[in-house]
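A.B. asks: Each step along the sequence shown adds one to the number in this note's numbering, with nothing skipped, and position 46 is 41.
Note that beta-carbon positions come from the ideal geometry of N, C-alpha and C, so glycine has one too.
Note that the structure is a prediction, hence the values are computed from the model and not measured.
Handing you a structure now.
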Amino acid sequence: MIDAVALVVANTIFVVTVALYAISVNRGSYEAKRTIHIKEWHMRQMLPNLSRSREKRVGRANTIDG
C-alpha cells in the first residue's frame, strides 16, 4: 500500500516538474520571439521603405527615357 502511494506521489511530482519546465521554456520562447519582433519593427522604422524607393527610381527612369 505504501509503495503504491509513494509511486503516485513520485509520478505526480515528476509530471508537475516536467509541466513547469515546459511552461518555462514556452515563456522563454515567447519572450525571444517578441523581442525579435520589436527589434524588427524598429529596424523597419529606421530604414527607408524599399518598395517606395524602387517606385521612385522606376519613375525617374521612365521620365529620363521618355
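#1: Near Phe9, what residues of its chain come up, given a Cβ to Cβ distance below 6 Å and the 5 sequence neighbours on each side ignored?
#2: Given this structure, state the Cα-to-Cα distance separating Arg29 from Leu42, to the nearest angstrom.
#3: Helix, strand or coil: how does DSSP classify Leu42 here?
C.D. replies: If we stick to the structure as given:
#1: By one-based count along the sequence shown, residue 9 stands at place 14. No residues qualify anywhere along the chain.
#2: Taking the sequence shown and counting its residues from 1, one reaches residue 29 at position 34. Taking the sequence shown and counting its residues from 1, one reaches residue 42 at position 47. Going from the Cα of Arg29 to the Cα of Leu42 covers about 20 Å.
#3: Locating residue 42 in the sequence shown gives position 47, counting from the first residue. Three-state DSSP puts Leu42 in coil, outside helix and strand.
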